[in-house]
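What follows is a set of notes on a single structure, which appears directly below.
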């Protein structure tokens with residue numbers, strides 16, 4: 001009896017080891033798959049704060065929470081089942097779908113550059129003018145935008161684990177969906193509350209150092225958001241261009257990717273130190289340029305069509321709200337210069 005009991009314990013221990021190894025494999029595969037989707041993740045992080053700029057401070061985090069819930073529903077209830085069925089029964093469609101997504105990313109990146117140089121400014125909208133219906137519209141718009149970005153993240157991740165068994169694929173994509181959603185919207189939450197934290201320090205901190213730090217934090221946020229947006233744009237062009245180059249190579253047109261690979265190898269061999277990093281930078285730069293060219297062609301075509309002009313209205317409205325919101329913060333923070341504000345110093349005007 002005791003021998004059978006210990007044999008059972010040994011079997012249980014073996015199963016635990018196998019399960020632990022499987023969990024480790026899923027975690028490692030999810031990490032690799034998430035890394036491949038990094039460009040889209042950066043863009044998702046850059047886009048989402050635009051939807052909550054200009055809101056009352058107490059509404060910012062609830063709105064972010066609503067968008068995060070919608071993002072998770074997008075990934076787990078719509079995208080994940082479709083992606084798994086596709087990989088199981090029509091795996092040959094993954095490359096064309098990835099290339100369509102890569103073209104969309106290239107277009108988005110090129111469109112951002114086009115809007116930077118040729119866009120039109122929108123009238124500012126004050127936070128006090130935003131009611132429940134406007135909030136609902138903003139959340140719906142953000143979730144629709146997230147659906148596209150989430151689909152691209154999940155398909156890129158899926159493409160990295162197509163050789164895994166069906167159950168492993170499902171587990172990996174669930175981990176990717178939950179992990180990336182928490183990462184993106186956790187960072188978004190920190191970003192949208194950073195200016196409020198800085199404003200609180202600027203108006204209420206007891207020390208001059210605290211007030212000065214608060215003012216600097218508020219004043220730095222537009223630059224931080226602009227930097228995130230710029231990085232997101234470059235990431236979209238890079239990821240989109242790389243997806244297109246690899247897809248064309250897989251479909252039989254090898255010349256473009258072979259040229260990029262040749263330049264990468266030449267750069268790698270030309271430097272005595274950090275050769276790997278230099279080669280990667282050349283590959284990345286070539287992919288970004290290719291993405292920009294493809295995206296620029298799509299932008300040109302769409303802007304020649306009657307329905308393809310400018311930014312989405314919701315993005316334009318969000319940007320205008322954000323501009324007004326930051327102006328109010330800067331004015332309030334500037335008013336606290338020199339000490340704790342008195343009765344005539346405006347407080348947070350969210």
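In UniProt numbering, the protein residues as written are 1 to 350.
Using N, Cα and C, we set each Cβ at its ideal position, and we do this for glycine too.
* Selected residue, minimal CA-CA separation from residue 284, among 73, 243, 219 -> 243
* Cα separation between residue 216 and residue 150? -> 34 Å
* Express the C-alpha separation of residue 186 and residue 342 in angstroms, rounding to a whole number. => Annotation note: pLDDT 42 at residue 342 (below 50); position unreliable, no value reported.
* Apart from the five residues on each side of it in sequence, which residues of its chain come closer than 8 Å, Cβ to Cβ, to residue 169? -> 84, 87, 158, 161, 162
* Asked: Distance, Cα to Cα, residue 212 vs residue 201?
  -> 8 Å
* At 3 residues or longer, and completely inside the stretch 64-100: list those beta strand (DSSP E) runs for me, N to C. => none
* To do: Can you give me the start and stop residues for the alpha helix (DSSP H) that residue 301 sits inside?
  => 275-304
* Which same chain residues, not among the five before or five after residue 224, have their C-beta less than 8 Å away from its C-beta? -> 191, 194
* To do: Check whether the Cβ atoms of residue 107 and residue 239 lie closer than 8 Å to each other.
  => no
* Determine the contact status of residue 105 and residue 152, defining contact as a CB-CB distance below 8 Å. => yes
* Asked: Can you tell me the Cα-Cα spacing of residue 142 and residue 272, whole angstroms?
  -> 47 Å
* Is residue 133 closer than 8 Å to residue 63 when the C-beta atoms are compared? -> no
* Can you say whether residue 110 is buried or exposed, counting buried as having 16 or more other CB atoms within 10 angstroms of its CB? => buried
* **Three-state class that DSSP yields for residue 261 in the structure shown** => helix
* Asked: Can you tell me the Cα-Cα spacing of residue 260 and residue 114, whole angstroms?
  -> 26 Å
* Asked: What residue from 69, 96, 94, 156 has the CA that sits closest to residue 236's CA?
  -> 156
* Asked: Could you give the distance in angstroms between the alpha-carbon of residue 82 and the alpha-carbon of residue 131?
  -> 36 Å
* Exposed or buried, what is residue 128 when buried is set at 16 or more other beta-carbons lying within 10 Å of its beta-carbon? -> Note on residue 128: pLDDT 46, under 50, position unreliable in the model; no value is reported.
* Secondary structure at residue 353, three-state DSSP: helix, strand or coil? -> Because the chain is modelled from 1 through 350, residue 353 falls outside the range shown and cannot be assessed.
* To do: Compute the beta-carbon to beta-carbon distance between residue 139 and residue 70, rounded to the nearest angstrom, for a pair I have assumed lies under 8 Å.
  => 7 Å
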